[in-house]
Structures are given as structure tokens and as C-alpha cells.
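Down below is the structure, laid out as C-alpha cells.
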Amino acid sequence: MKIVAIRIILIVLGVFLWMSPAPVTSKSLDQILHQVNQLRAKHSLNPLRLELRLTEFSQEHAEAMAEHRFFDTRARDGSDFENNILKTGYSFQKVALQVAAGFPSVAHVVTHWEADDQAPNHILNQDVQEIGIGYAAIANDPRGHNHYWAITLAKPTHRFPGNWRTAVLKKVNAFRERYKLRPLTANDDLNEAAQAHSNDMAAKDYFAHIAPDGSSVAERAERAGYPWRYILENIAAGQTTPEEVVGGWIGSDSHREAMLERDIKEAGIGYHFYPQDGGHARHFHYWVLVMGRQ
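Heads up: the sequence shown is residues 915 to 1208, going by this note's numbering.
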């Protein structure tokens, strides 16, 4: 499952008021959140939670736009908002930054976002769960914007909290049982090989059976001390739970066939959660299943 971050730039003009540079207050945050959640309720969507790191990021972005007279989802130095959010320590499955300029009040900007049909409105995305809100006002903006808004919306992701190794093996064996195949037993050497590969994919920003050093699952199993006669490997990235991982493998012809191989007897599972995954494809979760027979 690939992670997609959506960029949207809304260039808007509204009623301009003269104000001194001013950030949003905690009272204003509550008002904005209330307005946003009222809008979502109209569309039968879950309310959003205010998230501190997203709010700090949004506020800094709004203030930077006001101070330096630019209007963009990118930072002043041209860097993408996705990477800048990762630097705050916030991990996400989905994230979007929505900006606006020129609207003098919460009601004005939320109404605009609801009515604008020229671009996607991420406030109404059914998947997002958390929000960060930023606002800054400045007088004498040469373009007449004066009011700058930045709202970050995200679906967070976290390390799987349970015993993932046991859970994955249990689900693989339940699938094999449907086809009258014997269950696989856990093997420490295969666990080591699988964990090494999941760690390596996360650290080196790739997703493949062949590692950058050219090694395959067979060589990784040998390094871990497993004298294999038959060896197979399934990999996955982006899934957050063992249910999603095994379900994805079942839905893939080649992965399903590997799990239903009659000649394998043992299995090892690896999982790596990389909370600051800033790679080309931000998966955050890396899973490996190695199956074999000695």
C-alpha cells in the first residue's frame, strides 16, 4: 500500500482588513476546530482531533507566508511540506496541507473551502483523523492578502503494538489450514533473516526481494545459519497490521502460492516500523515472511 500525500494550493482573494501581525490564539483554535467539525458533521464525517505537532507546523507555515509574502504549500526554501512534517516527529499514512489567503474570519475561510469546487477539499476527506491549524495576519501586504491560513490534515500511523510475529504466523497457518496443509513452525534463524531484510529495506529506502548488495532470500537465510533446501519469501510495505499484511498476500497470486507451498515446514517473520520514513515511497511499515525447509 503506497502512501500518497496530496498537495493543493488555493489562491484566493477576499475582504481585506488591516491588522498587525498576529498568530492564532488558543480560543481561536477551538473556534476553527468547531467550524471544521461542524462542516464535517454536515457530510456525516467523523470529527477531527487537534494535534499539537500539526498545529505548530501549520502555525509556523502561516506565519512564514505572512512574514515573507509568499503563498504556497511548499516552504519558503522550496521544501515539500511532507518532509517538513516528518521532521516534527509526526508519522502519517496520509497528509495534506490546505492553505488560503485573504479571508478575514474563520467563517469566511471555512465557507470558501466548502464552496470551492475547483480543487479537492481535504477537510472533507473521510480518511483523515487529525488536524493542525495555523493563522497569521499582517498589514500592508503588497498583494492585499493580509490574512494567511494553513490547515494540515492527516491520518496518523503508529507501530503495531501487539505480538506481530505470532499474529502473522497464526494468520498464515489459518490460511494454510483452509487447504488442509500442515502449519508452519517458527524458526529463529528465519526470524533473523526476515528481520534483517525488513530493517534493510527501511534503512536503505527500497522495496524488493533483492537487496542493494545483490543478496537474495537464499543468501540472507544462509547468513542467519539456516541450511535451507527450499526457501521462499513474501514482502509487504505500508500495511499497519498483521491482518492487512496477510490479507494482501492472500490477494496476490504469487504470494498466495508461496504460502500454500506444500514442501515448506518453517517460517520467520520480520517487521520494522520507521517513524521518520522520508524515502521516495514513505511506507513506514516493512514486513517480511521467509518460509523454508531444511
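From the three backbone atoms N, C-alpha and C, an ideal C-beta is built for every residue, glycine too.
Please determine, among the options, the residue with the shortest C-alpha to C-alpha distance to residue i.
i, options, result
"Ile1178", "Gly1193, His1186, Val1204 and His1197", "Val1204"
"Lys1069", "Gly992, Gly1076, Glu1028 and Gly1046", "Gly1046"
"Leu1067", "Arg990, Lys1118, Arg963 and Thr1155", "Arg963"
"Ala1064", "His1072, Gly1076, Ala1050 and Asn1054", "Ala1050"
"Ile946", "Pro1126, His1022 and Ser1129", "His1022"
"Leu943", "Ile999, Ser1019, Met1115 and Ser1005", "Ser1019"
"Leu1083", "Leu953, Val1202, Val950 and Gly1128", "Val1202"
What three-state label does DSSP hand residue i in the structure shown?
i, result
"Trp1078", "helix"
"Pro935", "Per-residue confidence for Pro935 stands at a pLDDT of 44, beneath the threshold of 50, marking its modelled position as unreliable; no derived number is given."
"Gln1040", "coil"
"Gln1007", "strand"
"Ile1052", "coil"
"Thr1066", "strand"
"His982", "helix"
"Trp1142", "coil"
"Ala1125", "coil"
"Thr969", "helix"
"Ile1045", "strand"
"Ile1178", "coil"
"Leu964", "strand"
"Thr1071", "coil"
"Arg1207", "strand"
"Gln1153", "coil"
"Thr1025", "helix"
"Asn951", "helix"
Determine whether the Cβ of residue i lies closer than 8 Å to any Cβ atom of chain D.
i, result
"Gly1076", "You won't find chain D in this structure, because it holds only one protein chain."
Can you tell me whether residue i is buried or exposed? The criterion is at least 16 other CB atoms within 10 Å of its CB, across all chains shown.
i, result
"Asp1191", "buried"
"Ser1168", "exposed"
"Pro1156", "buried"
"Asn1060", "buried"
"Ala1181", "buried"
"Gly1048", "buried"
"Ala1001", "The identity of residue 1001 in the sequence shown is Lys, whereas the question assumes Ala. So Lys1001 counts as exposed."
"Glu1091", "exposed"
"Lys1085", "buried"
"Asn1077", "exposed"
"Gln973", "buried"
Please state if the CB of residue j and the CB of residue i are separated by a distance shorter than 8 Å.
i, j, result
"His1111", "Gly1184", "yes"
"Gly1165", "Gln1153", "no"
"Leu1174", "Leu1098", "no"
"Gln1012", "Ile1037", "yes"
"Val1160", "Phe1074", "no"
"Ala980", "Ile1052", "yes"
"Gln1040", "Arg1143", "no"
"Ala978", "Ala989", "yes"
"His1123", "Ile1149", "yes"
"Ala1151", "His1197", "yes"
"His1194", "Asp1119", "yes"
"Tyr1188", "Ala1116", "yes"
The segment 1095-1114 contacting the segment 1134-1141, beta-carbon criterion three pairs below 8 Å: yes
Inspect the CB distances between the segment 962-981 and the segment 1019-1031 and report whether three or more fall short of 8 Å. no
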